[in-house]
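Novice:
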Amino acid sequence: MNRGPLTRGGAIAAGALSILMLAACGGSASDAEEGGSGEAAEGFPVTVETLFGDVEIEDRPTDVAALGWSDAETALALGVQPVGVADWQGYGGAGVGPWAADLLDEEPVQLGTMEPNLEAIASLEPDVILDTRSDHTQERNELLSPVAPVVGPPPGVEVTYGTTWQEQTRQVARVLGEDARGEELVEELEGRFAQAREDNPDFEGMTIAVGAYFDGQYGAYVPGDARVDLLEELGFENKPEITEMAEDAFYVDLSPELLEVLDADLTVVFPIGDEETTRFLHEDPVLQGIPSAEDGRLLIMDDPDLANAFSSGSTLGVTHALEGVVPLLQESLGS
Numbered sequence: 048m049n050r051g052p053l054t055r056g057g058a059i060a061a062g063a064l065s066i067l068m069l070a071a072c073g074g075s076a077s078d079a080e081e082g083g084s085g086e087a088a089e090g091f092p093v094t095v096e097t098l099f100g101d102v103e104i105e106d107r108p109t110d111v112a113a114l115g116w117s118d119a120e121t122a123l124a125l126g127v128q129p130v131g132v133a134d135w136q137g138y139g140g141a142g143v144g145p146w147a148a149d150l151l152d153e154e155p156v157q158l159g160t161m162e163p164n165l166e167a168i169a170s171l172e173p174d175v176i177l178d179t180r181s182d183h184t185q186e187r188n189e190l191l192s193p194v195a196p197v198v199g200p201p202p203g204v205e206v207t208y209g210t211t212w213q214e215q216t217r218q219v220a221r222v223l224g225e226d227a228r229g230e231e232l233v234e235e236l237e238g239r240f241a242q243a244r245e246d247n248p249d250f251e252g253m254t255i256a257v258g259a260y261f262d263g264q265y266g267a268y269v270p271g272d273a274r275v276d277l278l279e280e281l282g283f284e285n286k287p288e289i290t291e292m293a294e295d296a297f298y299v300d301l302s303p304e305l306l307e308v309l310d311a312d313l314t315v316v317f318p319i320g321d322e323e324t325t326r327f328l329h330e331d332p333v334l335q336g337i338p339s340a341e342d343g344r345l346l347i348m349d350d351p352d353l354a355n356a357f358s359s360g361s362t363l364g365v366t367h368a369l370e371g372v373v374p375l376l377q378e379s380l381g382s
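Heads up: take any position in the sequence shown, counting from 1, add 47, and you land on this note's numbering.
See below:
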């Protein structure tokens, strides 16, 4: 499992000019085949508002490159098979979580994450590139745009990787001509959250701190990250002190001296790595010494599938996470 992207900027491989040429060659062949093929599908063209300006989608996409975090799972939830995916959470194989893998007819091409494989993307001749949750840099958008129309996050998303599952679902649904189905997915999952809040009124207003341990380094997530957003939708409030430390990023590193900032009404920590990482968290005297841990209000998310679902930020993954995490929260809080 990936704790989340570990850089603030979008580093993309060099060679953009050659990729542009490849995309142009591929596009000309496709245009020749489709010339005079008839009118656009019903409801098209559509205009999609993005952080980088309006994007025109001329016809219903059939070949979709899903490059943003959970864009592939979102497309699958809307009934569309992506031809290429970015495996942000290191699943391997299909590049999506087990809650979504059964929806694939065949394994899509792997396209890279923070450094997209532009040649692989261009070779697929995609109708559209979905990049609704990434580092949200102009550089990344400009280097992908010569290959195909790029649909990034909607306007107003400020935190890197901070597109909510609602925004992502609606953005992708708009691209695919599935607005009605997108709203159904949003309403269904929001209904699950509402029911969970009703069933667990004690969650309301309790403070949370959501941390991670990766490669010998502790850190904490803030609102805009899928993990914190999920807990806030259950009624919890992220600890303000941590949010202030992040300065519009989704994550902040914590030195051992600062680890007590993770003390809250409920502390949730993600071990990112192997079983040794998980074992370390259960035994680390610094973590185990913060007040919430001493009081039994520390939840270490050591089920890899549940942790990945918790982190996915897609309707499919969040639904899976919600089913598993609520009982663990109840147990940790003694409710």
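All C-beta atoms in this analysis are idealised placements derived from N, C-alpha and C, irrespective of residue type, glycine included.
Just so we're clear, the structure is a prediction, and the values are computed from it rather than from any experiment.
Which of helix, strand or coil does DSSP assign to Gly343?
Specialist: Numbered from 1 along the sequence shown, position 296 holds the residue referred to as residue 343. Coil.
Novice: Please tell me whether Asp174 and Pro196 are closer than 9 Å, where the distance is taken between their beta carbons.
Specialist: As a working note, residue 174 is residue 127 in the sequence shown. As a working note, residue 196 is residue 149 in the sequence shown. For Asp174 and Pro196, yes; Cβs fall inside 9 Å.
Novice: Applying the 10 Å Cβ sphere with the 16-neighbour rule, what's the burial state of Ser302?
Specialist: If you number the sequence shown from 1, residue 302 lands on position 255. It counts as exposed.
Novice: Do you know how far the Cα of Glu86 is from the Cα of Val373?
Specialist: Residue mapping note: residue 373 aligns to position 326 of the sequence shown, counting from 1. Residue mapping note: residue 86 aligns to position 39 of the sequence shown, counting from 1. Going from the Cα of Val373 to the Cα of Glu86 covers about 49 Å.
Novice: Does the Cβ of Gln215 have 16 or more other Cβ atoms within 10 Å, making it buried, or fewer, making it exposed?
Specialist: Locating residue 215 in the sequence shown gives position 168, counting from the first residue. Result: buried.
Novice: Find the nearest neighbour of Tyr265 within the set Tyr208, Trp135, Gly252, Leu306, judged by alpha-carbon distance.
Specialist: As a first step, residue 265 must be located in the sequence shown, where it is residue number 218. With distances taken between Cα atoms, Tyr265 lies closest to Leu306.
Novice: How long is the line joining the alpha carbons of Gly364 and Val333, rounded to whole angstroms?
Specialist: Taking the sequence shown and counting its residues from 1, one reaches residue 364 at position 317. Taking the sequence shown and counting its residues from 1, one reaches residue 333 at position 286. Looking at the two C-alpha atoms, the distance is approximately 32 Å.
Novice: Hey, would you say Val269 sits closer than 9 Å to Ala296, going by beta carbons?
Specialist: Reading the sequence shown from its first residue, position 222 is the one you call residue 269. Reading the sequence shown from its first residue, position 249 is the one you call residue 296. Yes; because the gap between Cβ atoms is below 9 Å, this pair is in contact.
Novice: For Arg274 and Tyr138, I'd like the C-alpha separation in whole angstroms.
Specialist: The sequence position of residue 274 within the sequence shown is 227, counting from 1. The sequence position of residue 138 within the sequence shown is 91, counting from 1. Each residue's Cα considered, the two are about 18 Å apart.
Novice: Only counting the same chain, and skipping five residues up and downstream in sequence, which positions put a Cβ closer than 6 Å to that of Gly74?
Specialist: Here residue 74 corresponds to residue number 27 of the sequence shown, with the count starting at 1. With a pLDDT of 43 at Gly74, under the threshold of 50, the modelled position of this residue cannot be trusted; read the value that follows with caution. In the same chain as Gly74, and ignoring 5 residues on each side of it, no C-beta atom comes closer than 6 Å to its own.
Novice: Here's a check: name, in chain order, each residue in its chain whose Cβ is nearer than 7 Å to the Cβ of Leu236, leaving out the five neighbours to either side.
Specialist: Counted from its first residue, the sequence shown places residue 236 at position 189. Closer than 7 Å at the Cβ level, and outside the excluded window around Leu236, lie Thr362, Val365, Thr366.
Novice: Which of the three DSSP states, helix, strand or coil, is assigned to Asp352?
Specialist: Stepping through the sequence shown from its first residue, residue 352 is reached at position 305. Asp352 falls in the helix class under three-state DSSP.
Novice: Could you tell me whether the Cβ atoms of Phe261 and Leu369 are closer together than 9 Å?
Specialist: For this step, residue 261 is matched to residue 214 along the sequence shown. For this step, residue 369 is matched to residue 322 along the sequence shown. Going by C-beta atoms, Phe261 is not nearer than 9 Å to Leu369.
Novice: Quick one: is Gln335 buried, meaning 16 or more other Cβ sit within 10 Å of its Cβ, or exposed?
Specialist: Start at 1 with the first residue of the sequence shown, and residue 335 comes out as number 288. Residue environment: Gln335 is assigned as exposed (fewer than 16 neighbouring CB atoms within 10 Å of its CB, all protein chains considered).
Novice: Where does Gly364 sit, in a helix, a strand or coil, going by DSSP?
Specialist: As a first step, residue 364 is located in the sequence shown; it is residue number 317 there, counting from the start. Helix, per DSSP.
Novice: Using three-state DSSP, classify Thr207 as helix, strand or coil.
Specialist: Here residue 207 refers to the residue found at position 160 when the sequence shown is read from its first residue. Three-state result, Thr207: coil.
Novice: At least one CB of chain C closer than 9 Å to the CB of Glu231: is that the case?
Specialist: No chain C is part of this structure, which consists of one protein chain only.
Novice: Please tell me whether Pro200 and Gln218 are closer than 9 Å, where the distance is taken between their beta carbons.
Specialist: As a working mapping, residue 200 is identified with position 153 in the sequence shown. As a working mapping, residue 218 is identified with position 171 in the sequence shown. Cβ atoms of Pro200 and Gln218: closer than 9 Å.
Novice: Measure the C-alpha to C-alpha separation of Glu330 and Pro318 and round it to an integer number of angstroms.
Specialist: Looking up residue 330 in the sequence shown gives position 283. Looking up residue 318 in the sequence shown gives position 271. Answer to the nearest angstrom: the Cα atoms are 12 Å apart.
Novice: Thinking just about the alpha-carbon of each residue, which of Ala124, Glu89, Gly131 is nearest to the one in Asp178?
Specialist: For the purposes of this step, residue 178 is identified with residue 131 of the sequence shown, where counting begins at 1. Selected option, being the one with the closest Cα: Gly131.
Novice: Measuring CB to CB, does Ala293 end up less than 9 Å from Ala267?
Specialist: Counting from one through the sequence shown, the residue named residue 293 turns up at place 246. Counting from one through the sequence shown, the residue named residue 267 turns up at place 220. A contact, by the Cβ cut-off of 9 Å.
Novice: Can you give me the Cβ contacts of Ala113 inside the same chain, cut-off strictly under 6 Å, excluding the 5 residues immediately before and after it?
Specialist: Numbered from its first residue, the sequence shown carries residue 113 at position 66. Cβ within range, chain order: Ala119, Ala122, Pro129, Val132, Leu177.
Novice: Here's a check: name, in chain order, each residue in its chain whose Cβ is nearer than 7 Å to the Cβ of Leu158, leaving out the five neighbours to either side.
Specialist: As a first step, residue 158 is located in the sequence shown; it is residue number 111 there, counting from the start. Same-chain partners within the cutoff: Ala112, Leu114, Gly131, Val132, Ala133, Asn164, Ala167, Ile168.
Novice: How long is the line joining the alpha carbons of Ala70 and Pro193, rounded to whole angstroms?
Specialist: Numbered from 1 along the sequence shown, position 23 holds the residue referred to as residue 70. Numbered from 1 along the sequence shown, position 146 holds the residue referred to as residue 193. Per-residue confidence for Ala70 stands at a pLDDT of 40, beneath the threshold of 50, marking its modelled position as unreliable; the derived number appears in the next sentence. Rounded to the nearest angstrom, the two C-alpha atoms are 7 Å apart.
Novice: Pick helix, strand or coil for Gly229, following the three-state DSSP scheme.
Specialist: For the purposes of this step, residue 229 is taken as residue 182 along the sequence shown, with counting starting at 1. Three-state result, Gly229: helix.
Novice: Tell me the rounded alpha-carbon separation between Trp116 and Ala220.
Specialist: For this step, residue 116 is matched to residue 69 along the sequence shown. For this step, residue 220 is matched to residue 173 along the sequence shown. Cα to Cα, the separation comes out at about 16 Å.
Novice: For Thr325, count neighbouring C-beta atoms within 10 Å of its own C-beta (all shown protein chains included) and say buried if the count is 16 or more, exposed if not.
Specialist: Looking up residue 325 in the sequence shown gives position 278. Thr325 is buried by the Cβ-count criterion.
Novice: Here's a check: name, in chain order, each residue in its chain whose Cβ is nearer than 7 Å to the Cβ of Leu171, leaving out the five neighbours to either side.
Specialist: Here residue 171 refers to the residue found at position 124 when the sequence shown is read from its first residue. So the list reads Asp110, Ala112, Val130, Gly131, Val156, once near-sequence residues are dropped.
Novice: Name the residue from Trp135, Met161, Val127 whose alpha carbon lies nearest to the alpha carbon of Asp152.
Specialist: Taking the first residue of the sequence shown as position 1, residue 152 is located at position 105. Asp152 has its Cα closest to that of Val127, out of Trp135, Met161, Val127.
Novice: In the DSSP assignment, what residue or residues form a beta bridge with Asp101?
Specialist: Looking up residue 101 in the sequence shown gives position 54. Its beta-bridge partners are Glu96.
Novice: Helix, strand or coil: which one does DSSP assign to Thr5?
Specialist: Examination of residue 5 is not possible in this model, given that the chain is present from 48 through 382 alone.
Novice: Which of the three DSSP states is assigned to Pro248 in this structure?
Specialist: Against the sequence shown, residue 248 aligns to sequence position 201. Pro248: helix per DSSP, three-state reduction.
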